[in-house]
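Reading through the structure tokens given below for one structure.
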Amino acid sequence: MQQWNGYRPGTGYYDELVDGSGTPRPGCQHLLEYLKSLSVQELADRHQAADATIRAMGITFTVYSDGENIDRAWPFDFVPRIIERREWETIQAGLFQRLRALNAFIDDVYNDQRALRDGVVPESVVLKSRDFRPQCQGVSPPHGVWAHVCGTDLVRDKDGTLYVLEDNLRVPSGVSYMLENRHVMKRIFPELFEHSRIMPVDAYPGQLLDTLCSLAPDVPNPEIVVLTPGIYNSAYFEHSYLAQQMGAELVEGRDLVVGEDEYVYMRTIHGLERVDVIYRRIDDDFLDPEVFRPDSTLGVPGLMRAWRKGHVAIANAPGAGVADDKVVYAHVPALIRYFLDEEPILPNVPTYQCVDPDDRAYVLDHLAELVVKPANESGGYGMLIGPAATADERSQFADLIRANPRNYIAQPTLMISTCPTLCDGELEPRHVDLRPFVLQGKSFNVTTGGLSRVALRKGSLVVNSSQGGGSKDTWVVDTAADAGPGAVDDGTVGGAD
Amino acid sequence: MLSRLAENIYWLARYLERTEDTARLLLASAQIQMDLPSGMPMSWHSLLEILGASEPYRARHGSENERAVMRFLISDPAYSGSIAASVRSARENARVTRDQLPREAWEAINGLHYLLQEQAPNAIASRWRRNDLLAAIAAQCQRIQGVLHGSVSRGPRYQFIALGRYLERADMTTRILDVRYASLFPMDGGGNDSYYSSVCWISVLRSLSAYEMYRQDLHGLVRGRDVVHYLLQGERFPRAVGFALARIRQCLEGLPNHQQPAARLEALQAVLATASLVDLSPDAMHEFIDGLQQGFAALHGDVVQTYFRFTP
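Protein sequence lines, in the order shown, are assigned to chains A and B.
Going by the numbering used here, the first sequence opens with residue -1, and the numbers climb by one from there.
Going by the numbering used here, the second sequence opens with residue 606, and the numbers climb by one from there.
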């Protein structure tokens, strides 16, 4: 039987599972030994089993191509990414800290604007941001929280430092894939879960529901709904999945109506039923044609009136995206110090702001080394990866930057860490990022681990599923509990459901 | 239950029923053609008339020959009443209600879509392939109905499925009778005519899968007036209008705020039960059936107003 002959990480990169000499990192030994015990054929079989499971479970995302919407099977790689529980606890504290500061900032922007007056963030940067919504001024949502669900992208550089790459505060997606990835793993590698202390991930839908309930006006059984743009949205699978998991109704804009009493109702076969909390998965622009885009058919006329009156909670709150802007991102460490009087636990990637003349000059001189991103795009669109770009592409980008400096930031090209990934029957290093989902309502919660995305193409740094990315299961492993009998077991760890 | 989903489920059921009924009708028409004496040409026109397709057909085609009519009614994507268009609409309605239905139902509806896509292009021209395809379509529809019947819990979801199914079915049964009655009149005369008249009435029964049951329920020569009574006023056979209306009544009773549609239905049932349909002239029969069909349309309107598109 031909045996799979080991794994060699690329030089110059940090690998998540093995160190430079090829020795498994803490918590990874068991997995790597297990993978080694499999033959090439067995690896291929498991890979096939994973694909078949994904098809059978109907896990899809939608891509728009050739004028048609196609449901694609979710690309999944079965080698998990592993994080030690101790490291995870630090990350978790850092994520809570960051979201707490971001929410304090958003609340400040729409109310007192203290941080702007004190110059923590330049006023013009905030007030001219595409995602600043004057219509939200003077509103105080429950608990002072605007961004209830935050998808924070983390990447690890070559020295092992974990950086925050961006905060997604508008309508972050991907959490359903994190949950489904674990189900797939349990089906195809049940033996791994017997012996490892892999912390479960299933708590998320319940935590999301708790978070949403904590926003409801004072009613005994709040009606929670998930608002989707509809079946042709690329994340529709997730919308329907989360609604199902929470036992919430999945609605479209046309299902909702704002009454003369300025409460929100949904049309049911029993007549109108009041809605208390809307977990919306459509952008601000489309929420309410009375206030935002008048041509929107996805939203609900009058929704903003109901929200301003506190008759309905919207998560994330309209206007929360103002802190999602990549120029604001550069100031988050300062915001943490300003609002919380704490030192940031998780560092930012150093960021040049093209709106600043000195930074701009540096960026234009060093385009070949930098990654340039538009200030408020998501999904990996419209960015320039300097080292991989042609001279033509770079000069085009230089023109874009000069024409609209406010719209661009630049960062050094990080040597993003890798994780073994099955490519043509062999395990090869591929770049990964990590998106934990952080919840803030009355209290804080975070997914255990998060969604690990992997760039399946060799050398590629783009992990977005719309652009050839795949994903992995993410394990937070309790190595202290691995120490053997007698080790501390607080009841929250262990492999099974 | 959201009004939008209820509406999608209702239409899903209507389109599925329309698909099955159309397939059965075309199949039965092909059968009878083989039994007709050579001097008595098959009227392709009557098929178009039953399905309300004469106008759209004329707008796109010239002569009414077998192949063109069949292609139009089975696979023309541009004609909204074709089997292909009904399947497409059924699938679109199923797609948005996937989470509301058993997974098997979605898979079976997809199966119907692929059956048509893969086989229709080569099946139209050849009579036996076409008949195979029509039979397979009817069978796949039955499979879907079986899944819905066997695996959807009895609540509003199921009531809207049944409501759509029986309203569509009642409509189709009256359409078939309307056209066939006119062409088979005078009924049950003497000589050869009466023999062929009987053959044709058997075909009417066959197009509704009613022949065997009719034979079990009634005896003797198949006569027009008995068939009319059996298919309109009968409450035993599931494709009879009387049966369908009784089922619709049960559905409405399982739904909230049903006063208005229920009142409309009751009136319709009363008209049907008390009508004397023996030896009506074709005109009188047409007028009676027209009245029924207007009643179905009004009932549909009541359902839409009450459950789907009410104004708050």
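C-beta atoms are modelled at their ideal positions from N, C-alpha and C, and glycine is treated no differently.
Check, Outcome
"7 Å Cβ cut-off: residues of chain A touching V701/B", "I229"
"Positions along the stretch 738 to 765 of chain B whose CB lies within less than 7 Å of some CB in chain A", "P761"
"Assigned secondary structure, L810/B (DSSP; H/G/I helix, E/B strand, else coil)", "helix"
"Beta-carbon separation (whole angstroms), D431/A vs I414/A, contact threshold 8 Å", "7 Å"
"Contacting residues, own chain, Cβ-Cβ under 8 Å from Q133/A (five flanking each side not counted)", "V289, F290, M302, P316 and G317"
"Cα-Cα separation, D895/B to A851/B", "20 Å"
"Limits of the unbroken alpha helix (DSSP H) element including F74/A", "Not the alpha helix (DSSP H): F74/A falls in the beta strand (DSSP E), residues F74 to E82."
"Nearest candidate by alpha-carbon position, reference S608/B, set V701/B, A664/B, A658/B and I688/B", "V701/B"
"Nearest to Q722/B (by Cα), restricted to the options S808/B, V692/B, D776/B and E712/B", "V692/B"
"Separation of P427/A from L33/A, as counted between CA atoms", "15 Å"
"Touching by the beta-carbon criterion (3+ pairs, under 8 Å), the stretch 867 to 875 of chain B and the stretch 841 to 859 of chain B", "yes"
"Buried or exposed by the 16-neighbour rule on C-beta atoms within 10 Å, applied to A849/B", "buried"
"Within-7 Å CB hit, T226/A to chain C", "The displayed structure is made up of protein chains A and B, and chain C is not among them."
"Reduced DSSP secondary structure (H/G/I, E/B, other) of L610/B", "helix"
"Nearest-angstrom Cα separation, counted from T150/A out to Y336/A", "21 Å"
"Inter-residue spacing [alpha-carbon to alpha-carbon] between S651/B and L782/B", "11 Å"
"Burial state of M176/A (16 or more Cβ within 10 Å)", "buried"
"Cα-Cα separation between R400/A and D363/A, rounded to whole angstroms", "12 Å"
"Partner residues on chain B for D253/A, Cβ-Cβ distance less than 9 Å", "L607, S608, R609 and L610"
"Minimum Cβ-Cβ distance from Y912/B to chain A less than 7 Å", "yes"
"7 Å Cβ cutoff, D704/B in contact with chain A", "yes"
"Inter-residue spacing [alpha-carbon to alpha-carbon] between G796/B and R844/B", "Legend: pLDDT at G796/B = 47, less than 50; position of this residue unreliable, value from coordinates given subsequently. In a straight line, the C-alpha of G796/B is about 31 Å away from that of R844/B."
"T502/A: contacting residues in chain B (beta-carbon distance under 7 Å)", "Given that chain A is displayed from residue -1 to residue 495, the structure contains no residue 502/A and the question cannot be resolved."
"Residue-level contact to chain A via CB, P887/B, 7 Å cutoff", "no"
"Three-state secondary structure assigned by DSSP to F187/A", "coil"
"Paired residues, beta bridge with V38/A - DSSP", "In the DSSP output, where bridge partners are listed per residue, V38/A has none listed."
"Which of helix, strand or coil DSSP assigns to E271/A", "strand"
"is_contact[P917/B, chain A] using C-beta, thresh 7 Å", "yes"
"Bridge partner(s) assigned by DSSP for Y277/A", "V224/A and A313/A"
"Simplified DSSP assignment, three categories, for W144/A", "coil"
"Extent of the continuous beta strand (DSSP E) to which H429/A belongs", "E424 to R433"
"Pair within 7 Å by beta-carbon distance, V353/A and R404/A", "yes"
"Beta-carbon neighbours of L860/B, restricted to chain A and to distances below 8 Å", "I267"
"Nonlocal neighbours in the same chain, by C-beta distance under 6 Å from E247/A, ignoring five residues either side", "V223"
"Proximity test, Cβ basis, 7 Å: S551/A and chain B", "In this structure chain A extends from -1 to 495, so residue 551/A is not present and cannot be described."
"Buried versus exposed call for V876/B [16 or more other C-beta atoms within 10 Å across all chains shown]", "exposed"
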